[in-house]
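First the structure, in the form of structure tokens, and then the observations on it.
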Amino acid sequence: MEDIIRVENLHVHFYSKDGVAKAVNGVNLSLQENSVLALVGESGSGKTVTALAILGLVPFPGRVVEGRILLNGENLLDSSPERLREIRGKEIGTVFQDAQAALNPRLPIAIQVEEALLAHTSMTKRDARIRAEEMLTEMGIPDPQRILNQYPFQLSGGMCQRIMLSIALALRPKVIIADEPTSNLDMTLQAWVLEHLRQLKREYGTTILLITHDMGVVAQMADHVAVIYSGSVVEYADTITLFKRPAHPYTWGLFQALPRLDDVERSLMPMRGRAPDPTELKDECPFIPRCPKATNICRTSPKPALRLIEDQHYVACFNEIRHDWEAAPASGSRRTTQPPAPPEPDPRPTHHA
Ligand SMILES: Nc1ncnc2c1ncn2[C@@H]1O[C@H](COP(=O)(O)OP(=O)(O)O)[C@@H](O)[C@H]1O
Ligand SMILES: [Mg+2]
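Under my numbering, think of the first position of the sequence shown as 1271, with each following residue one higher.
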């Protein structure tokens, strides 16, 4: 399959009087056409900054200092601000966690929806007004006329989320970046947003970068998963492989920290210890202080790069967890020297052809 977006060795630094925070420290990602890539990791691991870098929106005092971001082969780090504006919305749509903040507080909803349509399609102003109302209706928003005349602060977070999503959907971008799109929503709206994202992929082959810390959402949505730790990707695999055979001790810890996959509260629980301060990263594996498998080779070697361990499964670790024990009988007779099998994804990942 074609890579629609490739992020290669991305480094983003934030400069302050306290030093240089290496928020993104060598991220590699590839998004394949018509698939959902989940980017998972603890808070502060660099997920949002990676997404902002792809969009050309890293805020001051941050700067991309190294790497390439290729959209169909075009390096976005060399693109002009005009080209990036064109790309945002038209080619890469976004749905952010805080939809209320992502909308302009000073403009009524109607103007914002219409502006998106006018900027990225050849519609007339009159058509855009009509289309805006249709779009909200399609989102199941009651009384769209009234909503269109309101300002973001007058609406609930869930309503703002629906409006952002309707803008993202209407422009039918090839790629959608969804950064924690459901974390502030109640269960019903959450399911609704996820279903709409799935529908986009199914009907239009949209590629989705889904940032989340909810492994339940990953299991339901993702074709592939990239696990990020301290600003770099430490494991990448297809979803079923990652759930069955997590190889990086950090990924393993994420599953261990999970109460139960079918629990209502499925967010990742923090595991013991914490990630290093991004201003103090050294050229070594950043997981060493928390790692149950760290040995001398880890402490004396530069940071491990991603390495292929089985078909399409990459891990950045010298002592990855091996799953030969999987062949052992599953019923109660698991060898105690090995960690128990991770929970099966539930509900099962859905792969719409
Ligand atoms: N505006 C900012 N100014 C300074 N540092 C920032 C800023 N935004 C992010 N960072 C740094 O980047 C790191 C990664 O942040 P972020 O990408 O938002 O994490 P995530 O989305 O995974 O929770 C943070 O730990 C912080 O050190
Ligand atoms: Mg974030």
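Built from N, CA and C at the ideal position, the CB exists for glycine as well.
When the Cα atoms are used, what is the spatial distance from residue i to residue j?
i: K1514; j: K1471; result: 25 Å
i: K1287; j: L1418; result: 44 Å
i: L1307; j: E1384; result: 30 Å
i: C1555; j: T1458; result: 40 Å
i: I1274; j: D1449; result: 18 Å
i: V1334; j: K1317; result: 14 Å
i: I1324; j: S1349; result: 11 Å
i: P1375; j: F1423; result: 7 Å
i: K1360; j: T1476; result: 12 Å
i: L1406; j: R1542; result: 45 Å
i: L1578; j: V1585; result: 7 Å
i: Y1285; j: A1489; result: 37 Å
i: S1300; j: Y1421; result: 37 Å
i: E1278; j: R1416; result: 45 Å
i: P1378; j: K1444; result: 27 Å
i: F1525; j: F1557; result: 16 Å
i: P1619; j: A1461; result: Because P1619 sits at a pLDDT of 43, beneath the cut-off of 50, its placement in the model cannot be relied upon, and the following sentence gives the value as read from the coordinates. The straight-line gap from Cα to Cα measures roughly 14 Å.
i: T1509; j: T1565; result: 28 Å
i: V1559; j: H1583; result: The question names Val, but residue 1559 is Pro in the sequence shown. Spanning the two alpha carbons is a distance of roughly 25 Å.
i: H1466; j: Q1431; result: 12 Å
i: P1548; j: I1437; result: 35 Å
i: K1395; j: I1591; result: 58 Å
i: A1398; j: A1517; result: 50 Å
i: G1523; j: E1580; result: 21 Å
i: E1336; j: V1282; result: 7 Å
i: A1389; j: I1433; result: 17 Å
i: W1595; j: E1352; result: Low local confidence applies: a pLDDT of 49 at W1595 is under 50, so the model's placement there is unreliable, with the coordinate-based value given in what follows. Going by the C-alpha atoms only, they are around 54 Å apart.
i: L1468; j: T1570; result: Residue identity check: residue 1468 is Arg in the sequence provided, not Leu. Distance between the alpha carbons of R1468 and T1570 is about 45 Å.
i: A1492; j: V1290; result: 33 Å
i: F1330; j: P1412; result: 39 Å
i: E1473; j: D1553; result: 44 Å
With the cut-off set at 8 Å, would you say residue i and residue j are in Cβ contact?
i: S1305; j: H1593; result: no
i: Q1382; j: L1373; result: yes
i: I1447; j: T1364; result: yes
i: E1505; j: T1521; result: yes
i: V1297; j: L1280; result: yes
i: L1425; j: M1409; result: no
i: G1486; j: L1455; result: no
i: A1440; j: L1387; result: yes
i: L1551; j: K1292; result: yes
i: T1320; j: L1327; result: no
i: S1500; j: N1295; result: yes
i: C1568; j: P1519; result: no
i: G1314; j: A1507; result: no
i: L1576; j: V1503; result: yes
i: N1589; j: K1573; result: no
i: E1272; j: E1312; result: no
i: R1338; j: N1345; result: yes
i: A1369; j: A1402; result: no
i: R1276; j: L1340; result: yes
Which residue or residues does DSSP assign as beta-bridge partners of residue i?
i: D1273; result: Q1302
i: H1281; result: N1295 and E1336
i: G1543; result: Answer by DSSP bridge pairing: none, since G1543 is not bridged.
i: A1308; result: L1480 and V1495
i: S1286; result: G1289
Confirm the yes/no value for this check: CB of residue i, any heavy atom of ligand 2, distance under 7 Å.
i: T1320; result: no
i: E1312; result: no
i: D1484; result: no
i: D1449; result: yes
Is residue i near ligand 1 - that is, is its Cβ less than 7 Å away from at least one heavy atom of it?
i: K1444; result: no
i: K1317; result: yes
i: F1284; result: yes
i: P1574; result: no
i: P1546; result: no
i: P1329; result: yes
i: A1496; result: no
i: G1337; result: no
i: A1626; result: Residue 1626 lies beyond the range of the chain shown here (1271 to 1623); nothing can be said about it.
Just checking: is the beta-carbon of residue i within a distance shorter than 8 Å of some beta-carbon in chain C?
i: P1559; result: The structure shown has no chain C; it contains just one protein chain.
(request) Run through the stretch 1468–1537 for me and flag every whole beta strand (DSSP E) of 3 or more residues, listed as ranges in chain order. (result) 1477–1482, 1494–1499 and 1502–1508
(message) Restricting to runs no shorter than 3 residues, where is the beta strand (DSSP E) found entirely within the stretch 1561–1589?
(response) 1577–1580 and 1583–1585
(message) For a minimum of 4 consecutive residues, which ranges assigned as the alpha helix (DSSP H) are wholly contained in the stretch 1312–1375?
(response) 1317–1324, 1351–1360 and 1369–1372
(message) Could you tell me which whole beta strand (DSSP E) segments of length 3 or greater appear in the stretch 1421–1465?
(response) 1445–1449
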